[in-house]
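So the structure is just underneath, and the comments pick up after that.
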Amino acid sequence: MRAALLLLAAHVVLTGWTAGEEIQFEIVRLESLTGRPERIVAFNSQTPVALAVGPERRVAIVEQDRSARRCVYLKAADRVSLGPAQNASWSPAGSRLVVSRLSPEPGVWLISVGGGSERLLDRRGRLAVWSQDGRALAWAREVDGRPNVVIYDLFEADYDVLWSTPVSEFASVVPVAWGPLGKQLLLAGAGEDGKLRVFVASADGRRSLGPELSLAGSKPETVSGGWLKGGHAVVLVRKAGQSRLFQLNDSKWQPLSQLESLIPISIACRPDGLYVLRQADE
Amino acid sequence: MLNHGTAVLLFVGMLLTTDVSAARPTVQQVNRALDIAERAASAQLYDLSLRAYVEALRQGPPSNGDSGDRLDGRFRGARVDTTSPLPPTPVQAVRTRAITLAEKLYPKWKEHLGADKALDGVRHIVFPLNSPRVHPWWDAADAKGDLDLHRGRGLVEVLFVAAVDANGLEQLHAEAQRRAADGSLLAASIALLCCSDDQQRLSAIKTLHSTAENGPARQDVQFVASCLGQADVRNQSQRAEVAAAWHALAVQCRLWNGAEDTFVPALLLRAARENFSVGRNDRAVELLEILHSVSKPGRVITLEKARDVIGTELLVRGLVAETELVLGAELATEFQGRYRNSGLLAGRKFTGAAVIADDQELPEVVIAGSVADEEAAGRVWVSVLDLSTNTSRNLFVLPEFSQIGSLSISPDGTELLLHATSPGEPVSSAQMYCIRMDDGTIRSLGRGIYPAWSPKGRRIVYSSYSPARGVWVMRRDGSDRQLLDPDGWSAAWSPSGRFIAWVRNQTSNYGLVVYDLAEEKLNRPALQLPSEFPFLSAGMQWSADGQHLFVRGWRSQGGQGVLDFQLSGRPGVSVRYRNANGFPERLGSVAQAPVLSVGVSGVETLHLLDKDGELVKLNGQWEGRRNASPCSRDGKQLFYVSRPVRRGGQ
Chain A
38 MRAALLLLAA
48 HVVLTGWTAG
58 EEIQFEIVRL
68 ESLTGRPERI
78 VAFNSQTPVA
88 LAVGPERRVA
98 IVEQDRSARR
108 CVYLKAADRV
118 SLGPAQNASW
128 SPAGSRLVVS
138 RLSPEPGVWL
148 ISVGGGSERL
158 LDRRGRLAVW
168 SQDGRALAWA
178 REVDGRPNVV
188 IYDLFEADYD
198 VLWSTPVSEF
208 ASVVPVAWGP
218 LGKQLLLAGA
228 GEDGKLRVFV
238 ASADGRRSLG
248 PELSLAGSKP
258 ETVSGGWLKG
268 GHAVVLVRKA
278 GQSRLFQLND
288 SKWQPLSQLE
298 SLIPISIACR
308 PDGLYVLRQA
318 DE
Chain B
59 MLNHGTAVLL
69 FVGMLLTTDV
79 SAARPTVQQV
89 NRALDIAERA
99 ASAQLYDLSL
109 RAYVEALRQG
119 PPSNGDSGDR
129 LDGRFRGARV
139 DTTSPLPPTP
149 VQAVRTRAIT
159 LAEKLYPKWK
169 EHLGADKALD
179 GVRHIVFPLN
189 SPRVHPWWDA
199 ADAKGDLDLH
209 RGRGLVEVLF
219 VAAVDANGLE
229 QLHAEAQRRA
239 ADGSLLAASI
249 ALLCCSDDQQ
259 RLSAIKTLHS
269 TAENGPARQD
279 VQFVASCLGQ
289 ADVRNQSQRA
299 EVAAAWHALA
309 VQCRLWNGAE
319 DTFVPALLLR
329 AARENFSVGR
339 NDRAVELLEI
349 LHSVSKPGRV
359 ITLEKARDVI
369 GTELLVRGLV
379 AETELVLGAE
389 LATEFQGRYR
399 NSGLLAGRKF
409 TGAAVIADDQ
419 ELPEVVIAGS
429 VADEEAAGRV
439 WVSVLDLSTN
449 TSRNLFVLPE
459 FSQIGSLSIS
469 PDGTELLLHA
479 TSPGEPVSSA
489 QMYCIRMDDG
499 TIRSLGRGIY
509 PAWSPKGRRI
519 VYSSYSPARG
529 VWVMRRDGSD
539 RQLLDPDGWS
549 AAWSPSGRFI
559 AWVRNQTSNY
569 GLVVYDLAEE
579 KLNRPALQLP
589 SEFPFLSAGM
599 QWSADGQHLF
609 VRGWRSQGGQ
619 GVLDFQLSGR
629 PGVSVRYRNA
639 NGFPERLGSV
649 AQAPVLSVGV
659 SGVETLHLLD
669 KDGELVKLNG
679 QWEGRRNASP
689 CSRDGKQLFY
699 VSRPVRRGGQ
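Chains as they are written, first to last, in this note's numbering: chain A, 38 to 319; chain B, 59 to 708.
Structure representation (structure tokens):
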């Protein structure tokens with residue numbers, strides 16, 4: 038046994054290990070689609086995959102690590118890690134985050150940014166997003182064996198499910214972003230046919246689904262989006278390293294080519310503009 | 059930094075001097091191996107680091123050996139000050155070091171060796187290869203803080219994180235289950251943490267419960283309690299079983315050496331609370347009795363501290379007789395007085411039991427019109443004033459209350475809230491009632507005052523003297539009560555639902571505060587009260603746009619007035635109305651304007667307070683009666699209480 042261990046130790050010494058290289062990424066803000074990008078922050082990373090922007094330009098990024106698990110970092114430059122999680126979304130004043138944690142207990146968690154209280158809201162929930170008025174959280178959860186979305190009203194401490202009659206044509210549905218007035222949700226779902234479907238639905242669940250953006254092909258790595266200042270929904274689908282942007286105009290999803298040159302990895306919409314996570318120019 | 063060659067030599071040296079096949083290594087051997095693990099990691103030899111670590115620990119905790127788990131010689135014969143923490147023994151020290159090191163090195167092992175390999179290494183520390191046992195390498199640190207259960211699970215925590223990172227929770231659960239079947243309580247605890255369905259969970263809790271009844275080893279209890287405390291309990295039967303397991307675990311304390319550390323009181327307290335929460339007050343009181351009996355003067359948790367805690371736990375639940383039983387009549391009386399007059403619960407959120415007795419006699423509410431006019435004339439009415447036609451009509455006829463007020467109509471218009479006090483009873487015994495608008499059915503919401511609906515009508519904020527004084531919230535049906543601020547009083551919900559404002563009574567921090575439900579933060583607007591109004595009174599209203607708060611204030615020269623707190627834009631306080639005659643007003647609101655009931659010679663009438671601070675009497679209200687407690691839902695109708703003029707009044 039000792040000999041085996043000795044051999045193993047020698048093997049480690051001889052083979053060594055090479056660290057992965059980090060490259061520079063940045064978050065830029067565009068006041069409008071035609072505006073000039075303004076750099077908010079630059080940081081080194083291996084694979085940032087998602088972005089959340091709070092008030093006063095507070096930033097949280099989700100980074101995929103070597104074991105393909107994801108970590109949330111607060112403020113890209115400070116790199117304060119909040120641990121393995123799938124996504125994060127800011128409270129209106131930026132003192133809290135709702136986080137879809139992967140460990141130590143998976144589920145939707147409310148955490149205070151400056152340390153302090155942490156509260157597990159739903160062990161079975163994932164991918165929560167916070168409405169801009171602070172009232173509601175929406176997250177994905179199976180209800181009666183079908184994909185659904187939970188709408189949790191923080192002020193009334195009560196929740197509803199988005200669809201009382203579960204949507205049968207989806208294998209999964211996740212909320213991407215809330216509309217500016219907290220009345221609509223941008224959702225992304227995987228159809229039974231394997232196609233990605235993006236659509237806008239009323240947050241009260243009563244109205245039918247809006248126009249769908251349907252994309253065939255492999256499962257996307259990330260879907261991000263929100264509402265631009267003019268009231269148009271915008272979505273970024275990131276698949277196989279390629280970014281495709283679409284905007285909802287006159288009840289139709291139309292490709293949005295203006296931003297493709299930026300090669301965005303993830304986007305976030307705020308009242309003061311559109312934030313884009315991208316690889317920094319050399 | 060150590061070079062690679064030296065690290066290998068060190069490791070080889072460790073192997074040659076350590077008989078890893080021995081049942082348990084000594085403290086020195088473990089320390090040496092941990093040195094290797096740490097130094098190898100510094101030299102980026104992560105594989106070596108993990109292997110050194112696993113080899114050092116997988117045979118279990120070190121034996122006492124030559125420098126075993128005994129107090130150092132320098133402590134022999136010394137008088138031990140039990141109010142201060144004892145220095146760690148060598149075994150405790152190496153245990154702490156091992157866990158701290160695992161927490162520090164695990165991210166590096168995972169990053170450089172992959173999550174699967176890191177998990178495979180870590181699992182051997184907790185689940186030794188050739189033994190059904192689970193090594194209790196969990197109690198690294200002493201219990202932290204007063205009466206807080208130590209929640210850290212040491213190496214198991216690292217193992218759990220590693221299993222999640224490597225998608226190996228199922229595998230971990232299966233392994234823990236297998237060992238739990240062999241009677242390992244620790245394995246059952248780990249299995250409980252990794253359950254994936256309700257059946258597994260209930261079964262795991264039951265295993266814990268039955269094993270706990272057989273008397274678990276003292277050193278295992280802290281870990282089991284920690285797992286039980288974090289069990290994902292999902293329904294009432296699981297909750298009841300968990301409470302029973304807590305009880306079975308905690309009563310073992312009687313067999314140990316009392317409250318020699320903070321863990322025993324924490325365990326007893328937690329177990330008592332779990333049993334209170336499922337209605338097993340008998341078990342909870344038994345546990346508090348044990349807590350009282352094991353607490354001694356001069357211990358880490360002093361007798362005085364334990365008595366404080368016991369008194370609070372029992373009195374906030376209104377268990378006066380039980381307080382006397384546990385603490386004795388004299389102390390119980392003293393605590394009741396102290397409890398009423400102090401912020402004993404400051405800084406803590408407390409979920410209290412509903413205080414509605416099933417057999418409570420409800421006051422009779424009669425729909426107006428079903429009572430003869432002459433009989434109704436001498437009674438209390440709830441009326442509604444239509445502000446477009448300036449006409450009032452009666453809704454209900456109520457019994458004679460000595461005090462009645464705080465009308466609040468539900469957002470859907472179906473129910474009306476109010477508080478009322480029966481003749482001869484003090485304000486502190488005021489009850490809250492909810493009356494159905496369609497048929498006058500009344501239900502009690504228990505003791506409380508100033509109830510107000512949330513904007514969607516799913517919750518109610520109110521003030522209460524019991525079970526603890528302060529501002530509370532509850533669900534519409536009276537369940538899920540939560541104390542928001544023991545120093546708060548007289549709260550009102552903002553129209554958006556995001557904020558609740560109340561008056562804070564703390565001497566050093568007196569004034570208006572606004573609680574933000576989105577951020578869960580108490581904000582104190584930086585607004586100075588005008589010197590003319592040094593104190594705020596109960597009763598406040600938000601303007602419909604949520605930009606203003608109208609609050610009644612007491613004038614230093616006597617009488618009251620209305621202060622206008624502007625909360626956004628340029629925050630400030632202005633005096634909207636002054637009154638020097640000393641009669642109280644009650645405050646309501648119609649859209650942006652506050653509505654007052656102004657008393658003149660004992661007769662109150664409803665007035666709108668305009669922007670210039672002028673009172674405009676509302677037309678259409680009942681004349682010759684005392685009209686008060688106005689409230690409006692939509693600015694079109696004003697609900698109010700109308701009472702006959704008392705004898706001798708005008």
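Glycine included, C-beta positions come from ideal geometry on N, C-alpha and C.
Every value quoted in this text rests on a predicted model; they were computed, and no experiment measured them.
Inter-segment contact for the stretch 454-465 of chain B and the stretch 673-691 of chain B is present: three or more beta-carbon pairs are separated by less than 8 Å.
For B/Val519, the nearest beta carbon of chain A is not closer than 8 Å to its own beta carbon.
Nearest neighbour of B/Ala488 by Cα position, chosen from B/Asp545, B/Pro421, B/Ser450, B/Thr447, turns out to be B/Pro421.
Secondary-structure assignment with DSSP links B/His665 through a beta bridge to B/Leu654, B/Lys675. At a Cβ-Cβ threshold of 8 Å, B/Ala114 and B/Val88 count as neighbours. DSSP lists B/Val561 as the bridge partner or partners of B/Trp547.
Contact note: A/Gly171 reaches chain B through Arg556, Ala576, using a C-beta cutoff of 7 Å and chain order. When DSSP reads this structure, A/Phe236 sits in a beta bridge with A/Leu224.
B/Ile263: member of the alpha helix (DSSP H) spanning 256-271, first to last residue.
Not flagged as an interface residue toward chain A: B/Arg628, since no C-beta distance is shorter than 8 Å.
Among the bridge pairs identified by DSSP, A/Gly254 is matched with none.
Contacts with chain B (Cβ-Cβ distance below 8 Å) from the stretch 120-142 of chain A involve Pro121, Ser128, Pro129, Ala130, Ser132, Arg133, Leu139, Ser140, Pro141, Glu142, listed in chain order.
Spatial neighbours of B/Asp174 in its own chain (CB-CB distance under 7 Å, excluding positions within 5 residues in sequence) are listed in chain order as Ala224.
Look at the stretch 276-350 of chain B and you find these whole runs of alpha helix (DSSP H), each 4 residues long or longer: 276-287, 294-308, 321-335. Taking A/Asp159 as the centre and dropping the five residues before and after it, the same chain places the C-beta of Gly144, Val145 closer than 6 Å to its C-beta, in chain order.
Minimum Cα-Cα distance from B/Asp255 among the listed residues B/Gly226, B/Ala283, B/Gln296 corresponds to B/Gln296. The stretch 595-604 of chain B makes contact with the stretch 533-549 of chain B: 3 or more CB pairs, one atom from each, lie closer than 8 Å.
Judged by DSSP in its simplified three-state form, A/Tyr312 adopts strand. One alpha carbon belongs to B/Leu575, the other to B/Arg562, and they sit about 17 Å apart. Taking 8 Å as the Cβ-Cβ cut-off, the stretch 164-195 of chain A approaches chain B at Asp170, Gly171, Arg172, Asp190, Leu191, Phe192, Glu193, Ala194, Asp195, given in chain order. In the structure shown, A/Glu75 falls within a strand segment according to DSSP collapsed to helix, strand and coil. Of all residues in the stretch 508-536 of chain B, those with a C-beta nearer than 9 Å to a C-beta of chain A are Ser512, Pro513, Lys514, Gly515, Arg516, Arg517, Val531, Arg533, reading in chain order.
As the crow flies, the alpha-carbon of B/Arg236 is around 39 Å from that of B/Ser351.
Distance from the CA atom of B/Ser486 to the CA atom of B/Gly506, rounded to whole angstroms, is 8 Å. Check the Cα spacing between A/Thr84 and each of A/Cys306, A/Ala305, A/Pro301: the tightest is with A/Pro301. When Cβ-Cβ separations below 8 Å define contact, B/Asp603 makes no contact with chain A.
Among the residues facing chain A, B/Phe281 is not included, as its CB has no counterpart in that chain under 8 Å away.
The beta carbon of B/Lys579 sits closer than 8 Å to some beta carbon of chain A. The shortest CA-to-CA distance from A/Arg183 to any of A/Asp170, A/Arg73, A/Leu174, A/Trp200 is the one to A/Trp200.
For B/Glu215, the nearest CB of chain A lies under 8 Å from its own CB, placing it at the interface with that chain. Look at B/Val572: its C-beta is not under 8 Å from any C-beta on chain A. Listed along the chain, the chain A residues whose CB falls inside 9 Å of the CB of B/Val219 are Gly120, Pro121, Ser140, Pro141. Residues of the same chain with a CB within less than 8 Å of the CB of B/Leu625, apart from the 5 flanking positions on each side, are Val572, Pro583, Gly604, Gln605, His606, Leu607 in chain order. A/Val109 and A/Ala125 do touch by the CB rule: their CB atoms are close to 5 Å apart, below 8 Å.
For B/Tyr104, the enclosing alpha helix (DSSP H) begins and ends at 104-115.
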